[in-house]
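Below: one structure, written as structure tokens.
There are 2 protein chains.
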Amino acid sequence: DVTEGEAAARERLTRMTVPPGALGRIADVGVRLAGLAGTCPPPVPEPAVVAVFAGDHGVHAQGVTPWPQEVTGQMVANFLAGGAAVNAFANQVGAEVVVVDVGVASPVDEAPGLLPRRIRAGTADMTAGPAMSRDEARAALVVGVEVARDLVAAGNRLLVTGDMGIANTTASAALVSAFTGASPEVVTGRGTGIDDAMLAHKAAVVRTALERHGLLGTTAAADDPLGALAAVGGLEIAGIAGLLLGGAALRTPVVVDGVVAGAAALVAHALAPSASHAWLAGHRSVEPAHTLALTHLGLEPLLDLGMRVGEGTGALLAAPLVAAAARALGEVATFDSAGVDSKAVAEGTT
Amino acid sequence: DVTEGEAAARERLTRMTVPPGALGRIADVGVRLAGLAGTCPPPVPEPAVVAVFAGDHGVHAQGVTPWPQEVTGQMVANFLAGGAAVNAFANQVGAEVVVVDVGVASPVDEAPGLLPRRIRAGTADMTAGPAMSRDEARAALVVGVEVARDLVAAGNRLLVTGDMGIANTTASAALVSAFTGASPEVVTGRGTGIDDAMLAHKAAVVRTALERHGLLGTTAAADDPLGALAAVGGLEIAGIAGLLLGGAALRTPVVVDGVVAGAAALVAHALAPSASHAWLAGHRSVEPAHTLALTHLGLEPLLDLGMRVGEGTGALLAAPLVAAAARALGEVATFDSAGVDSKAVAEGTT
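Top to bottom, those sequences are chains P and L.
Anchor point for the first sequence: position 327 equals 327 in the working numbering, and the numbering is continuous, going up by one each time.
Anchor point for the second sequence: position 336 equals 336 in the working numbering, and the numbering is continuous, going up by one each time.
This is how it looks when you write it as structure tokens:
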């Protein structure tokens with residue numbers, strides 16, 4: 001079980017030919033993996049797969065981004081053709097890329113690597129009404145759970161969250177405000193790059209949506225996470241939340257990407273707090289809402305590279321660090337077996 | 001040339017299907033690699049090799065660490081048997097491990113992966129006299145330059161620095177103080193883990209050595225880097241400094257590990273300032289002297305995981321990030337080629 005695996009890892013760390021405590025965060029990740037596996041050493045979490053959940057956002061109509069909505073579908077085609085940053089980084093770390101269409105507004109052609117799971121062609125404008133119905137939100141969550149199930153059944157041992165959806169940092173900011181209580185002006189960021197005027201407008205849009213749905217400065221989101229997800233979330237956010245829950249249920253580690261995944265993790269954590277045990281924060285995005293979400297979840301990111309690409313790029317770069325943590329527990333010799341004097345020997349305590 | 005490669009990379013970054021500026025530090029690394037290669041995209045810097053320079057330290061006699069000096073040779077045997085953290089991490093990132101014996105005090109058996117280049121069997125006690133002669137320091141530097149030459153000739157495209165040497169954080173602290181002007185009490189850290197009493201003693205030892213050699217609060221190190229290296233350095237530190245110079249001369253990127261490599265980089269930078277263009281800081285060690293060295297060199301580490309293992313472990317974990325930066329420039333499609341609307345299109349500026 002979890003306690004046994006973690007205890008075995010902590011014990012082994014004291015005997016490994018490494019100065020005590022010197023592995024820092026890598027040791028913490030190793031302990032976490034051993035807990036998830038219920039044994040030490042934990043298996044090396046390979047191969048990895050990044051599931052890029054794609055969906056469009058009705059709030060795009062409010063002018064929260066300079067990018068046309070069509071870019072969501074165009075980037076999905078780019079992912080499937082292997083031409084995006086997520087593909088380059090996946091190639092680097094030996095991960096597969098799958099794209100889950102949970103709700104792209106424009107048509108997406110079938111292609112290897114595409115999982116067509118469209119619930120609806122993009123959400124509605126959350127400033128005018130709920131982004132989607134509770135049933136749709138639940139269906140999108142189930143898509144994510146099922147994707148986790150299928151990817152693990154196919155042999156993957158590390159799940160990586162990815163996202164694509166023009167305007168999805170607006171929905172993410174709304175969810176992060178709803179779940180953490182931080183004000184819209186604090187959580188709202190520049191996303192893919194907007195100027196001061198558009199940033200102020202975007203924050204006002206987030207405030208309007210939260211007020212409309214009774215999510216501003218209330219506990220409504222914590223009390224009814226599915227309701228909050230339906231009101232101001234997104235289809236791809238729901239899908240990622242499902243992946244996070246599915247991975248946890250399968251005791252498979254999930255590397256969480258940036259702000260969109262952070263918002264999804266808040267939803268998933270509110271639905272099932274213990275699931276967060278399976279999650280590792282891949283990186284810290286420059287979006288302010290991301291750090292707020294990580295803090296709320298008690299997750300510390302492995303990387304902090306000033307990135308804000310989305311797509312799963314930051315989390316992919318952390319995958320080798322996660323695998324290295326498992327390898328350290330499995331492959332590093334003990335002082336005893338390697339014939340290396342330990343510090344304890346020098347101190348005369350053994 | 002450098003300027004051309006960097007300019008081409010910066011230009012390509014504006015056309016890639018990634019939001020402007022969103023790749024953060026990874027873009028900076030890509031620009032650096034393109035500059036080194038003199039072309040864009042730069043080749044993916046693979047395979048990587050970590051060169052672990054090993055040497056002993058006469059200052060061990062001053063009681064600056066609880067570890068017996070024999071541990072240096074024992075750990076070298078552990079590296080060659082594949083049982084250390086550096087081996088586990090090298091396996092993870094697909095790097096080769098070579099061990100360079102520049103000055104281990106105890107006998108080291110021949111083994112595949114060992115480069116026997118011993119200059120002398122450990123340094124002398126720097127509190128009683130120079131750690132080594134100028135000729136020995138120069139010879140150890142040349143070992144490093146030649147190791148870089150041989151490893152690149154063998155096809156390696158990324159060099160990673162590694163070190164092993166009980167008491168080498170003491171020598172590193174002395175060098176960092178000598179080159180940055182920071183006081184012995186500020187630069188001296190806990191190394192592989194020492195208590196407050198030993199830490200205070202270790203700082204006093206560093207102060208004594210620096211005073212003896214005229215390196216405390218003077219510009220002597222900057223004026224005569226080889227003299228400072230001989231007085232308070234180490235054989236493995238000299239070897240790493242040579243690797244850093246050799247890599248730069250071959251326009252091959254070198255990932256710099258922790259505090260021992262940081263001290264070596266200060267020496268190498270003082271000898272040839274422009275060489276630092278080829279160096280990437282892999283991680284930030286918890287040793288205080290490391291951050292001082294990085295700041296002095298203008299290097300920002302890619303990882304900050306609270307590690308202090310040495311051996312090249314932190315730098316190895318950064319190798320996939322460096323490779324990913326090159327891959328991004330080579331593999332990510334442009335807006336134009338992928339048929340993705342750019343933000344500029346949305347803004348009506350094209």
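Just so you know, even glycine gets a beta-carbon here, dropped at the ideal spot from N, CA and C.
Item, Value
"Buried/exposed call for Gly-155/L, threshold 16 Cβ in 10 Å", "exposed"
"Helix, strand or coil at Leu-280/P according to DSSP, with G and I counted as helix", "strand"
"Inter-residue Cα distance where the pair is Gly-193/L and Pro-19/P", "7 Å"
"Limits of the unbroken alpha helix (DSSP H) element including Thr-3/L", "2 to 15"
"Beta-carbon gap between Met-307/L and Val-332/L smaller than 9 Å", "no"
"Interface residues of the region 197 to 231 of chain P facing chain L [CB-CB below 8 Å]", "none"
"Three-pair Cβ contact test at 8 Å for the region 180 to 195 of chain L versus the region 270 to 277 of chain L", "no"
"C-beta neighbour in chain P for Pro-68/L, strict 9 Å", "yes"
"Distance between Met-198/P and Val-100/L (C-alpha atoms, nearest Å)", "57 Å"
"Cβ-based burial, Pro-107/P [other Cβ within 10 Å; buried from 16]", "exposed"
"Closer than 9 Å to chain P by CB, Gln-62/L", "no"
"Chain L contact for Leu-158/P (CB, 9 Å cutoff)", "no"
"Interface residues of chain L facing Arg-327/P [CB-CB closer than 8 Å]", "Ala-88, Phe-89, Asn-91 and Gln-92"
"Whole runs of the alpha helix (DSSP H) within the region 222 to 304 of chain P, excluding any shorter than 4 residues", "225 to 232, 235 to 249, 259 to 271 and 288 to 297"
"Ile-26/L at chain P interface by Cβ criterion, 9 Å", "yes"
"Spatially closest choice to Ala-325/P from Val-44/P, Pro-130/P, Val-2/P and Asp-1/P, by CA coordinates", "Val-44/P"
"Chain P contact residues for Leu-280/L, given Cβ-Cβ distances below 8 Å", "Here the premise fails: no neighbours, minimum Cβ distance about 13 Å."
"Contact residues within the region 69 to 82 of chain P, judged by C-beta distance below 9 Å to chain L", "Glu-70, Val-71, Gln-74, Met-75, Ala-77, Asn-78, Ala-81 and Gly-82"
"Endpoints, the alpha helix (DSSP H) within which Thr-169/P is located", "168 to 180"
"Delimiting residues of the alpha helix (DSSP H) encompassing Met-198/L", "196 to 212"
"Beta-carbon gap between Phe-89/L and Arg-327/P smaller than 9 Å", "yes"
"Buried or exposed by the 16-neighbour rule on C-beta atoms within 10 Å, applied to Thr-17/P", "buried"
"Same chain, Cβ closer than 6 Å to Ala-264/P, neighbours up to 5 away in sequence not counted", "Ile-237, Ile-240 and Ala-241"
"Status (buried if at least 16 other CB within 10 Å, exposed otherwise) for Gly-35/L", "buried"
"Below-9 Å beta-carbon distance, Asp-304/P vs any chain L residue", "yes"
"Nearest-angstrom beta carbon gap, Ala-319/L and Leu-158/L [assumed within contact, 8 Å]", "6 Å"
"Chain-order list of residues whose beta-carbon lies under 7 Å from that of Leu-243/P (same chain, five-residue window excluded)", "Ala-51, Gly-144, Val-147, Ala-148, Leu-159, Thr-161 and Val-254"
"Euclidean distance between Cα positions of Asp-125/L and Ala-249/L", "33 Å"
"Test: Arg-12/P CB closer than 9 Å to a CB of chain L", "no"
"Burial state of Thr-170/L (16 or more Cβ within 10 Å)", "buried"
"Burial state of His-60/P, where buried means 16 or more other Cβ atoms lie within 10 Å", "buried"
"Exposure label - Ser-133/P; buried when at least 16 CB within 10 Å", "exposed"
"Collapsed DSSP secondary structure at Ala-54/L in the structure displayed", "strand"
"Span of the alpha helix (DSSP H), counted from its first residue to its last, around Asp-150/P", "134 to 153"
"Per DSSP, cross-strand counterpart(s) of Met-126/L", "None; Met-126/L has no bridge partner."
"Opening and closing residue of the alpha helix (DSSP H) in which Asp-101/P lies", "Where Asp-101/P is concerned, there is no enclosing alpha helix (DSSP H), although the beta strand (DSSP E) it sits in stretches over 96 to 103."
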